[in-house]
Amino acid sequence: MNYFWSFLFLTLSLNAAYNPFFRESVKPKKTPVATSEVRPMPLPPLLAPPIVPTEKPATFDLSKLVYNCYLETEKGKFILLKIGDNKVVLKEGDPFYANNKKYFIRNITSNYITVDDSGRIQTIYFTTGGQ
């Protein structure tokens, strides 16, 4: 008899598991409503900031170097130049700066110097003189 009640309980449980009347009702899925495609209004173009004229730094002209003196010794060739407001003594291979740009002295003679400006070699001729 005990098997009978066990069998009956098992069959009713299995029936309840597969019978839709014993389950909770499932809410029907809502179908999406067809809507017209709404596009956002385009934003107005951003106003560009006003263009402020910038002052360009005065470019240094190598022709404005002032030649003062040339000296050749056992230690090398030297030249006294006035660069802007400064007087400097330079020898071959020395760098000098003008307008935050680096120049190298390649060759010095009594009447000209050869300057390397980032791979661009320039020759500057001098006349007598200086201030």
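Going from the sequence shown to the working numbering is simple: count from 1 and add 22.
Glycine included, each C-beta is placed from N, C-alpha and C at the ideal position.
These figures come from a predicted structure and were not determined experimentally.
Original post:
Does DSSP classify residue 145 as helix, strand or coil?
Top reply: Position 123 of the sequence shown, counting from 1, holds the residue named residue 145. Residue 145: strand per DSSP, three-state reduction.
Original post:
Taking the alpha-carbon positions, what's the residue 134 to residue 74 distance?
Top reply: Counted from its first residue, the sequence shown places residue 134 at position 112. Counted from its first residue, the sequence shown places residue 74 at position 52. Roughly 42 Å separates the two Cα atoms.
Subject >> Close-in-space but distant-in-sequence residues of the same chain around residue 119 (CB under 8 Å, 5 per side omitted) >> reply: On the sequence shown, residue 119 is found 97 positions in, with the first residue counted as 1. Contacts found: 125.
Subject >> Beta-carbon proximity check, residue 105 vs residue 93, cutoff 8 Å >> reply: As a working mapping, residue 105 is identified with position 83 in the sequence shown. As a working mapping, residue 93 is identified with position 71 in the sequence shown. The answer is no: Cβ separation not under 8 Å.
Subject >> Reduced DSSP secondary structure (H/G/I, E/B, other) of residue 153 >> reply: Residue numbering aside, residue 153 sits at position 131 when the sequence shown is read from its first letter. Caution applies to residue 153, whose pLDDT of 49 falls short of 50 and renders its modelled position unreliable; the model cannot decide the point.
Original post:
What do you get for residue 130, buried or exposed, if any count of 16 or more other CB atoms within 10 angstroms of its CB means buried?
Top reply: What you label residue 130 is simply residue 108 of the sequence shown in a count that begins at 1. The residue is buried, with at least 16 neighbouring Cβ atoms inside 10 Å.
**OP:** Compute the Euclidean distance between the alpha carbons of residue 33 and residue 24, then round it to the nearest angstrom.
**Re:** Counting from 1 along the sequence shown, the entry for residue 33 is found at position 11. Counting from 1 along the sequence shown, the entry for residue 24 is found at position 2. Near 14 Å, if we compare the C-alpha coordinates of residue 24 and residue 33.
Original post:
Between the C-alpha atoms of residue 108 and residue 91, what's the straight-line distance to the nearest angstrom?
Top reply: Taking the sequence shown and counting its residues from 1, the one referred to as residue 108 is at position 86. Taking the sequence shown and counting its residues from 1, the one referred to as residue 91 is at position 69. If I take the Cα positions, the gap works out to 14 Å.
Subject >> Cβ pair residue 128, residue 139 closer than 8 Å >> reply: Walking along the sequence shown from the start, residue 128 turns up at place 106. Walking along the sequence shown from the start, residue 139 turns up at place 117. For residue 128 and residue 139, no; Cβs fall outside 8 Å.
**OP:** Please state whether DSSP places residue 87 in a helix, a strand or coil.
**Re:** In the sequence shown, counting from the first residue as 1, residue 87 sits at position 65. Residue 87: coil per DSSP, three-state reduction.
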